Each structure stands twice: as structure tokens, then as C-alpha cells.
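Trainee:
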Amino acid sequence: MKVLYFAWLRERIGVGSEDVDPPETVATVGDLVAWLAAREARYAAAFEDISAIKVAVDQEQADFDAPITGVREVALFPPVTGG
Amino acid sequence: MKVLYFAWLRERIGVGSEDVDPPETVATVGDLVAWLAAREARYAAAFEDISAIKVAVDQEQADFDAPITGVREVALFPPVTGG
Amino acid sequence: MAVRVQEADFDIAAELDALGALDPDVGAVVSFTGLVRGSGITAMTLEHYPGMTEKALEAIEAEAMGRWPLQGATIIHRVGELAPGARIVLVAVASRHRGAAFEAAEFLMDYLKTRAPFWKKETAEDGTARWVDARETDTSAADRWANHKNAHSHR
Amino acid sequence: MAVRVQEADFDIAAELDALGALDPDVGAVVSFTGLVRGSGITAMTLEHYPGMTEKALEAIEAEAMGRWPLQGATIIHRVGELAPGARIVLVAVASRHRGAAFEAAEFLMDYLKTRAPFWKKETAEDGTARWVDARETDTSAADRWANHKNAHSHR
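Protein chains in written order, with my numbering: chain A, 17 to 99; chain B, 17 to 99; chain C, 5 to 159; chain D, 5 to 159.
#1: Give the interface partners of residue 119 of chain C over in chain B, defined as CB-CB distance under 8 angstroms, in chain order.
#2: Listing by chain order, which chain C residues have their CB less than 7 angstroms from the CB of residue 110 of chain D?
#3: Three or more C-beta pairs closer than 8 angstroms, one from the region 85-99 of chain A and one from the region 137-150 of chain D: is that the case here?
#4: Any beta carbon of chain E sitting closer than 8 angstroms to that of residue 138 of chain C?
#5: Just the C-alpha distance for residue 81 of chain A and residue 17 of chain A, rounded to the nearest angstrom, thanks.
#6: Count the CB pairs spanning the region 95-108 of chain C and the region 123-135 of chain C that are closer than 8 angstroms, and state whether there are at least three.
#7: Can you tell me whether residue 66 of chain B is buried or exposed, with buried defined as 16 or more other CB within 10 angstroms of its CB?
#8: For residue 114 of chain C, is the classification buried or exposed, using 16 other Cβ atoms within 10 angstroms of its Cβ as the cut-off for buried?
#9: Label residue 152 of chain C either buried or exposed according to how many other C-beta atoms from any shown protein chain fall within 10 Å of its C-beta, with 16 as the threshold for buried.
#10: Rounded to whole angstroms, what's the CA-CA distance from residue 52 of chain C to residue 92 of chain C? Just pull it up for me.
#11: Less than 8 angstroms between CB atoms is the rule here; does residue 56 of chain D satisfy it with respect to chain A?
#12: State buried or exposed for residue 23 of chain B, treating a residue as buried only when at least 16 other CB atoms are found within 10 Å of its CB.
#13: What does DSSP give as the partner residues of residue 68 of chain C in its beta bridges?
#14: Go ahead and label residue 10 of chain C buried or exposed: buried means 16 or more other beta carbons lie within 10 angstroms of its beta carbon, across all protein chains shown.
#15: For residue 91 of chain A, list the residues DSSP reports as bridge partners.
#16: Is residue 117 of chain D helix, strand or coil when you go by DSSP?
#17: Which same chain residues end up closer than 6 angstroms to residue 63 of chain B when comparing Cβ atoms and leaving out the 5 residues on each side of it in sequence?
#18: To be precise: take each residue of the region 34-51 of chain C, compare its Cβ to all Cβ atoms of chain D, and keep it if any distance is under 9 angstroms. Which residues remain?
#19: Check the Cβ-Cβ distances between residue 76 of chain D and every residue of chain C, and say whether any is below 8 angstroms.
#20: If contact is defined by three or more beta carbon pairs under 8 angstroms, each pair taking one atom from either stretch, is the region 35-43 of chain C in contact with the region 32-48 of chain D?
#21: For residue 89 of chain D, which residues in chain C fall below 9 angstroms Cβ to Cβ?
#22: Chain C partners of residue 80 of chain B, CB-CB under 8 angstroms?
#23: Only counting the same chain, and skipping five residues up and downstream in sequence, which positions put a Cβ closer than 7 angstroms to that of residue 59 of chain B?
#24: For residue 6 of chain C, I'd like the list of residues in its chain whose CB is within less than 8 angstroms of its CB, leaving aside the five on either flank, ordered along the chain.
#25: Under DSSP, the beta strand (DSSP E) around residue 99 of chain D begins and ends at which residues?
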């Protein structure tokens, strides 16, 4: 599964995207974020305030409850500021 | 005093503007319209439906009660349709 | 005041660029362009009241500048005979934020439609010409600004 | 679908002319242009989510086309590094009447601001850079369309 990070999330984590292979117990976006945060301090720091983070699953807006089984990509990013 | 007509009022009356010299008893725009209508059939026909006619006095929106003593120009026209 | 009444066409890009360049804090430029709708007509003739037209447009623009935090506003209205598809009118405003810009542009059009002395005459394909009737919806559109609160001026 | 994400600048006049030419019954073209506000910054960098961005903009445009009687809509959003005063975004719509055109253009901007994956980073005059915070007013602006009645679509 591909995980993408944008804006200050990308900067804090240090990569724009990465391929990850979480265990089967990681069933939702929320589980994925917790699993990443437990791996390394830079993830824990980036995900400190989860209320400031938005989610897309396979390029569609989603939330932390969204299942990730079988999805190709999950994106995590701050609220959008275009326009 | 100059009186101006626009759009179908101009066409029905046959002139775009004219100089008139009404008697002193003609005190308001309404009086002026009645005085013109009494002069000639083409005015009476043009002013038949007074509710369809708008007024400007010295190039400012006004109504039929507006006094005309001392004014330079009175304009009579259908509701505007620009834009 | 950026108000013009003219027979000639206008250059939208130049007008919008000029508004954007008025102030480094312009963040939003909203424009309305009115076109001659072409179905069934061969020409549209615009008559106006020289002298009063400019005054009316300037008054409308001044009212918009007083109601919203605008950095600039432009109104250009054409007169004379126009072909189907031709531009009739441009209204454009510049502001810091989009809420004020959208509201002010719509206000300008609603007031222009009901207060500026222009009259349209359509020539149909069979050669007959008729004066366009005023629309009740234009009056109600203008009326809704009477008690309008500028709630979104920082949007 | 008339949606583009690009580094290059765009030609507003060409875009508005194309919308006006889509159908002889287009009577109203409304445009919004967003500019980089220049006070205190030397650059604005726009990041986006390639792939999702285009999908999001197309979904927003399709929703507008379904809600209002539009003959066309265009969304162009720039990415990369932009200078103060530069154009960031163009939203433009064509309709028979101005009411629908104004509403649809404002809807497109409100939804774009809250749903399209773009992020702005400002570089200040002292060289420091910061990500622009999302605005609560943008969320409330988008929310007001949820129960919106298109009352003025014939204006």
C-alpha cells in the first residue's frame, strides 16, 4: 500500500510517499496512523494533533474510520488551502 | 424646459427631445404629462399606461409627484432594460 | 471613476489586469460579462440617456465601494447596434477576499439592471423589432440588497 | 471536462471567450480570478496531489453543472512557485442568466477552497516560509450550499 503525505506532514515525515506493508490488524486509516506513529518518532510528531489531519483513500475524501483493506493509496494531509 | 423621451416612448411621440414652456399651473411631472397628453393624440397614446413610465428630473430618478419648477430637464421612459 | 459608456468593444483581460494591479493586496477579481443571446434575433440595439447614464453608473459604483471593502471597480456598457454573441456589459471588482468581490459584482449588476438608463431593442429574424420588456425578477434581485448584511466580506 | 492543473499562467480572455462561444444562448459569463496577495511575501508555492486534484475539481464542476443550468464551466489552478500579484486560479461559468452564473461561480470557489487538494506555502521577506492555515470562514462558506435553494436561477 502506498501512503502519501503533503504540505507540513510531508516535511515533518521527510518523504512525500512510501510503500508500507502493515499487518492485517491494521484495518482502518486510524489504525494505519497509530501503527506508523509507533514505528518512529518523526511519525509520532507529525501525527500529534490528529484533528489537524485530513484523509483521502484511493484519491477520494475519507475519514479515520475508513477501511484500508485492498486500497491502493492512502493520503494524509493538513486541511487544504488552495484557490 | 427640455423634455426627453426614450425607447418606445420616443418612437410613439416621434421626437427624442423637445423644449416646452408649460403654464405655471403645471407644477409636477404628473402635471406635465397630463398637459402634454392634452395637447396631441400621440402624447395621449404614449402616456396611456402611466404605470409603465419612469421619470428622471435633471438626470436623477424621480417620480410623478416631483416638482418641476426651475428644473432644466425632465425625462420620460419605459423601465430600463440594460445590462 | 472607472465607468465607461461606449460603442466599441472592450478588452476584458486588460480591464481585469488593471484591477488586479491597483493594490498588492488584491486577492480576488470577480467579473460579469453580459452577452447578446443569439436565438431568433439578428441584432440588439442599445439606447441610453447620455449624461444621466454616466451619473447613474458612477452612483452605483460609489455605493458598492461604500458597502464592501473593494480596491477597485469597473463598469463598461456598450451602446448602439450589437450582433448576437457580442459583449454588452462588463462589471468587475477587486477585493482582498472573494466574498466581498462576488457580492459587490452581483450588487453592481442588480443595480445597473434596474437603475441605469439603457434600453434594449431586438431585431428578429423576420426583420421586426421590439423593445425588450423589463423583468420583474430584476426588480426583486435589486430589492434584496436593501436590507443586506455583508456577512461574508472576509470570505 | 474543462479542468486544468498547470504551472503555466492562463489567458483569461481566451477562456471567457471560449465559454461565451459554447452556445448562442449564453447571456452571462462570471469569472473569479485569485491572485497572490503581495504584502510581506516574496513567493507563494502551491503544492497539490496529482491525480486526486483533477478528480476533485471534476467532481466539483459536475456538481455545479447538476445544480445550475450552466452551458459551461472552467477551472484552472496553477501549482509551483508564484510571485506576488500572479494569478493562482480561474473559475468561470456560462449561463443564460446572471443569477445562476454568479451562484455557480461562488459555489465552485467555496468547494474548491475546501475540497481540492492544494496547499499554499508563503515565503516571507526575511526568507522564512510557512504553510498557510486553513480558514474557518472557508468551511462555513462551503457549508451554506448544503441546503441552498437555487431561488435566483432565472435572474
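Glycine included, each C-beta is placed from N, C-alpha and C at the ideal position. Since we're looking at a predicted model, the values are computed, not measured.
Mentor: Taking the structure as given:
#1: Walking along the third sequence from the start, residue 119 of chain C turns up at place 115. Chain B residues near residue 119 of chain C: 77 and 96.
#2: As a first step, residue 110 of chain D must be located in the fourth sequence, where it is residue number 106. 106, listed in chain order.
#3: A contact exists between the region 85-99 of chain A and the region 137-150 of chain D.
#4: Although the question refers to chain E, the structure presented lacks it and instead comprises the protein chains A, B, C and D.
#5: In the first sequence, residue 81 of chain A corresponds to position 65, counting from 1. In the first sequence, residue 17 of chain A corresponds to position 1, counting from 1. Cα to Cα, residue 81 of chain A sits roughly 17 angstroms from residue 17 of chain A.
#6: Touching, no, given that fewer than three Cβ pairs across the two stretches are closer than 8 angstroms.
#7: Walking along the second sequence from the start, residue 66 of chain B turns up at place 50. The residue in question, residue 66 of chain B, is exposed, as its Cβ has fewer than 16 Cβ neighbours within 10 Å.
#8: On the third sequence, position 110 is the one that residue 114 of chain C refers to. The residue is buried, with at least 16 neighbouring Cβ atoms inside 10 Å.
#9: For this step, residue 152 of chain C is matched to residue 148 along the third sequence. The Cβ neighbour count for residue 152 of chain C, taken over all protein chains shown within 10 Å, is under 16; the residue is labelled exposed.
#10: Start at 1 with the first residue of the third sequence, and residue 52 of chain C comes out as number 48. Start at 1 with the first residue of the third sequence, and residue 92 of chain C comes out as number 88. Roughly 13 angstroms separates the two Cα atoms.
#11: Start at 1 with the first residue of the fourth sequence, and residue 56 of chain D comes out as number 52. Residue 56 of chain D counts as touching chain A.
#12: By 1-based counting over the second sequence, the position of residue 23 of chain B is 7. By the Cβ neighbour-count rule, residue 23 of chain B is buried, with 16 or more other Cβ atoms within 10 Å of its own.
#13: Walking along the third sequence from the start, residue 68 of chain C turns up at place 64. Partner(s): none; residue 68 of chain C has no beta bridge.
#14: Taking the third sequence and counting its residues from 1, one reaches residue 10 of chain C at position 6. Around the beta carbon of residue 10 of chain C, a 10 Å sphere encloses fewer than 16 other beta carbons of the protein chains shown; the residue is thus reported as exposed.
#15: Along the first sequence, one-based indexing puts residue 91 of chain A at 75. A/20 and A/72, per the DSSP bridge assignment.
#16: Position 113 of the fourth sequence, counted from the first residue, corresponds to residue 117 of chain D. Here DSSP, grouped into helix, strand and coil, assigns residue 117 of chain D to helix.
#17: Here residue 63 of chain B refers to the residue found at position 47 of the second sequence. In the same chain as residue 63 of chain B, and ignoring 5 residues on each side of it, the C-beta atoms closer than 6 angstroms to its own belong to 49 and 53, in chain order.
#18: Those would be 34, 35, 36, 37, 38, 39, 40, 41, 42 and 43, in chain order.
#19: For the purposes of this step, residue 76 of chain D is taken as the residue at position 72 of the fourth sequence. No, residue 76 of chain D lies away from the interface with chain C (no Cβ there is under 8 angstroms from its Cβ).
#20: Taking a cut-off of 8 angstroms for Cβ pairs, the region 32-48 of chain D and the region 35-43 of chain C touch, as three or more such pairs fall below it.
#21: Position 85 of the fourth sequence holds residue 89 of chain D. What residue 89 of chain D touches in chain C: 24, 25, 28 and 30.
#22: Walking along the second sequence from the start, residue 80 of chain B turns up at place 64. Simply none; closest approach about 17 angstroms.
#23: Walking along the second sequence from the start, residue 59 of chain B turns up at place 43. Within the same chain, and ignoring the five residues on either side of residue 59 of chain B in sequence, the residues whose Cβ sits closer than 7 angstroms to its Cβ are 29, 52 and 53.
#24: Counted from its first residue, the third sequence places residue 6 of chain C at position 2. Hits under 8 angstroms: 65, 76, 77, 78 and 79.
#25: On the fourth sequence, position 95 is the one that residue 99 of chain D refers to. Segment 91-99, the beta strand (DSSP E) holding residue 99 of chain D.
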